[in-house]
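Participant: Going by the working numbering, the sequence shown wraps up at 448, each residue one higher than the last.
Provided herewith is a single structure, encoded as structure tokens, for subsequent inquiry.
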Amino acid sequence: MSPPAIIARDVAKLYRRHTQRNQFKTLKSAFLSGSLVSDLTPSETFTALDGVSFEVPRGSTFGVIGENGSGKSTLLKLVAGITKPSRGTLTVDGRVSALIELGAGFHPEISGRENVVINGIMLGLSRHEVDDRFDEIVAFAELEDIIDAPVKTYSSGMYMRLGFAVAIHVEPDVLLIDEVLAVGDEAFTRKCLDKISEFRRRGKTIVFVTHSLGLVAKMCDDVAWLRDGKLAGHGDPKRVVDAYLTHVAGGEDARLLAGQDSAAAQALPERSAEEDAASGRYQAGRWGSREVELTAVRLLDSSGKERRVFAPGETVTVTLSVHAVKPVTDFVFGMGLFSADGVNIYGTNTGIEELEPRRLAGDGEVRLVLDELRLVEGTYLLDVAVHRDDGTPYDYHRGLYSFRIKSRLGDTGLYRPAHHWEFDGGVEMDVPPARDELALGQGHGPSS
């Protein structure tokens with residue numbers, strides 16, 4: 001069995017924060033101390049990576065995911081040899097080509113032709129090898145007409161395409177990719193993905209950082225999830241991506257809940273329903289006589305936990321806490337569901353559904369159970385109200401409550417009906433493994 005292409009053992013990377021103390025440390029003192037950061041206090045350093053260990057088998061595709069600032073790009077730069085670990089060891093077996101900061105070695109004053117030669121040699125090719133591959137590089141970048149023009153005259157897209165084309169034609173043993181697939185239009189991006197797929201078929205080792213979780217699930221054999229510089233999960237792509245999405249949903253849930261509390265506490269401008277309608281826009285606000293008041297609005301999952309992030313098809317209960325200043329017998333409760341840009345998706349109330357009011361006195365609670373919230377991924381707004389039968393508002397809350405639907409699926413629109421596909425005759429399709437969309441809302445933690 002061949003040895004792994006990449007081996008990382010307890011890899012850490014520390015950077016020095018900019019401080020006045022020891023600001024101009026000399027190279028001599030660094031050699032004497034053995035480190036540029038050894039004599040710094042913890043407050044003077046920033047740990048980009050901390051104790052990361054993994055192996056990448058030769059010929060496999062390895063994905064690195066995580067939120068911004070989690071250490072993904074730092075890890076790729078360590079693998080590329082651009083920087084060295086502060087602690088631990090990282091070994092790479094074979095020629096490396098890194099699609100990181102494409103075109104970083106290009107000189108703007110000289111032509112694309114000269115830059116291809118210089119960049120190719122910097123990446124390890126001989127002059128003869130660059131000459132042999134030059135036409136193929138330029139054709140891939142689709143820059144035949146302007147290859148002899150100075151690079152400073154190129155658009156940013158052209159610049160990146162030429163950098164990608166050079167790096168991809170180095171014929172590396174290990175290819176490193178850092179979120180560089182948006183280097184052109186859709187057709188060029190597709191060409192880049194096809195080239196990467198060709199590398200996979202030829203048994204090259206690929207490591208790539210991406211926020212595209214669909215691409216991770218489709219292309220990767222193994223995935224590492226970094227969080228705050230540490231390895232939060234490692235292994236099967238589906239399992240690690242599910243854990244990552246659950247973590248992200250939990251953080252977003254907390255932020256939305258915190259923001260919801262502060263929004264509800266704000267002194268909102270009082271407006272009439274007529275003023276709101278006259279504006280012609282969906283505008284957040286609150287109005288009404290307050291003879292009956294909605295004192296709290298919560299969104300609960302099937303276990304009774306308050307949340308603001310759900311998966312398609314989950315049961316969601318809209319819970320209204322109500323207080324009547326004095327007993328009333330004329331009251332209607334209503335709910336409206338809107339997209340983030342104010343498109344009305346659904347609305348109902350107890351009057352429409354022919355629920356007859358008897359008496360409302362003191363404190364109470366009203367619950368509207370949405371058995372299956374079949375919405376596609378996105379942000380949604382909620383209207384809630386209590387009003388008289390003729391529409392006169394006691395307390396109307398417009399757009400004060402938002403929630404998110406998170407999904408790994410890429411369907412579009414607003415509504416996601418229950419459905420399935422059927423095939424007959426000569427039509428054959430491979431069915432993917434069942435997705436547990438509801439796992440996003442069940443609090444699954446990371447595993448490794």
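Glycine residues also receive a C-beta, built at the ideal position from the N, C-alpha and C atoms.
All figures in this text were calculated on a predicted structure; none of them were measured in a lab.
If you pair each beta-carbon of the segment 5-18 with each one of the segment 47-59, do three or more pairs fall below 8 Å?
Facilitator: Taking 8 Å as the limit for Cβ pairs, the verdict is that the segment 47-59 does touch the segment 5-18.
Participant: Check whether the Cβ of residue 8 lies closer than 8 Å to any heavy atom of the ligand NAP, and answer yes or no.
Facilitator: Although the ligand NAP was asked about, the structure shown includes no ligands whatsoever.
Participant: Put residue 159 into one of helix, strand or coil per three-state DSSP.
Facilitator: To locate residue 159, count along the sequence shown from 1; it is residue 159. Three-state DSSP puts residue 159 in a helix.
Participant: Could you check what DSSP says for residue 350 in three-state terms: helix, strand or coil?
Facilitator: As a working note, residue 350 is residue 350 in the sequence shown. If DSSP states are grouped into helix, strand and coil, residue 350 belongs with coil.
Participant: How big is the Cα-Cα spacing for residue 146 and residue 158?
Facilitator: On the sequence shown, residue 146 is found 146 positions in, with the first residue counted as 1. On the sequence shown, residue 158 is found 158 positions in, with the first residue counted as 1. The straight-line gap from Cα to Cα measures roughly 10 Å.
Participant: Where DSSP assigns a beta bridge to residue 150, which residues make up the other side?
Facilitator: Locating residue 150 in the sequence shown gives position 150, counting from the first residue. In the DSSP output, where bridge partners are listed per residue, residue 150 has 111.
Participant: Which value, in whole angstroms, describes the spacing of the CA atoms of residue 166 and residue 116?
Facilitator: For this step, residue 166 is matched to residue 166 along the sequence shown. For this step, residue 116 is matched to residue 116 along the sequence shown. Computed Cα separation, rounded: 7 Å.
Participant: Using a Cβ distance threshold of 8 Å, determine whether the segment 410-419 contacts the segment 371-388, with at least three qualifying pairs required.
Facilitator: As far as the Cβ criterion goes, the segment 410-419 touches the segment 371-388, which means the pair count is three or higher.
Participant: Do the CB positions of residue 477 and residue 179 come within less than 9 Å of each other?
Facilitator: As displayed, the chain neither begins before 1 nor continues past 448, which places residue 477 out of reach and without an answer.
Participant: Pull up the distance between the alpha-carbon of residue 5 and that of residue 321, whole angstroms please.
Facilitator: By one-based count along the sequence shown, residue 5 stands at place 5. By one-based count along the sequence shown, residue 321 stands at place 321. When rounded, the distance between both Cα atoms is 60 Å.
Participant: With DSSP as the reference, label residue 240 as helix, strand or coil.
Facilitator: If you number the sequence shown from 1, residue 240 lands on position 240. Three-state result, residue 240: helix.
Participant: Would you call the segment 382-389 and the segment 323-338 in contact, with 3 or more CB pairs under 8 Å?
Facilitator: Short answer: they touch.
Participant: Could you pull the start and end residues of the beta strand (DSSP E) that residue 335 belongs to?
Facilitator: Counted from its first residue, the sequence shown places residue 335 at position 335. Unbroken beta strand (DSSP E) run through residue 335: 332-339.
Participant: Count the other C-beta atoms from every protein chain shown that fall within 10 angstroms of the C-beta of residue 343, then say buried if there are 16 or more, exposed otherwise.
Facilitator: For this step, residue 343 is matched to residue 343 along the sequence shown. Exposed: under 16 other Cβ atoms inside 10 Å.
Participant: DSSP state of residue 165, grouped into three classes?
Facilitator: Taking the first residue of the sequence shown as position 1, residue 165 is located at position 165. Helix at residue 165.
Participant: On the CB-based measure, 16 or more other CB atoms within 10 Å of its CB, does residue 225 come out buried or exposed?
Facilitator: Residue mapping note: residue 225 aligns to position 225 of the sequence shown, counting from 1. Buried, because 16 or more other Cβ atoms sit within 10 Å of the Cβ of residue 225.
Participant: With DSSP collapsed to three states, give me the class of residue 175.
Facilitator: Working through the sequence shown from its first residue, we reach residue 175 at position 175. Reduced to three states, the DSSP call for residue 175 is strand.
Participant: Please report the distance separating the alpha-carbon of residue 397 from that of residue 301.
Facilitator: Indexing the sequence shown from 1 puts residue 397 at position 397. Indexing the sequence shown from 1 puts residue 301 at position 301. About 21 Å.
Participant: Is it buried or exposed for residue 329, if we count other Cβ within 10 angstroms and need 16 for buried?
Facilitator: Against the sequence shown, residue 329 aligns to sequence position 329. By the neighbour-count rule (16 or more Cβ atoms within 10 Å), residue 329 is not buried but exposed.
Participant: Taking the alpha-carbon positions, what's the residue 271 to residue 44 distance?
Facilitator: Taking the sequence shown and counting its residues from 1, the one referred to as residue 271 is at position 271. Taking the sequence shown and counting its residues from 1, the one referred to as residue 44 is at position 44. Only weak support exists for where residue 271 lies, its pLDDT of 47 falling under 50; the value from the coordinates is given anyway. Cα-Cα distance, rounded: 52 Å.
Participant: Rounded to the nearest angstrom, what separates residue 216 and residue 391 at their Cα positions?
Facilitator: Position 216 of the sequence shown holds residue 216. Position 391 of the sequence shown holds residue 391. Taking the straight line from one Cα to the other gives about 51 Å.
Participant: In whole angstroms, give me the CA-to-CA distance for residue 274 and residue 286.
Facilitator: The residue labelled residue 274 in the question sits at position 274 within the sequence shown. The residue labelled residue 286 in the question sits at position 286 within the sequence shown. For residue 274, the pLDDT reaches just 48, beneath the cut-off of 50, and the residue's location in the model is therefore unreliable, although a value from the coordinates is still provided. When rounded, the distance between both Cα atoms is 13 Å.
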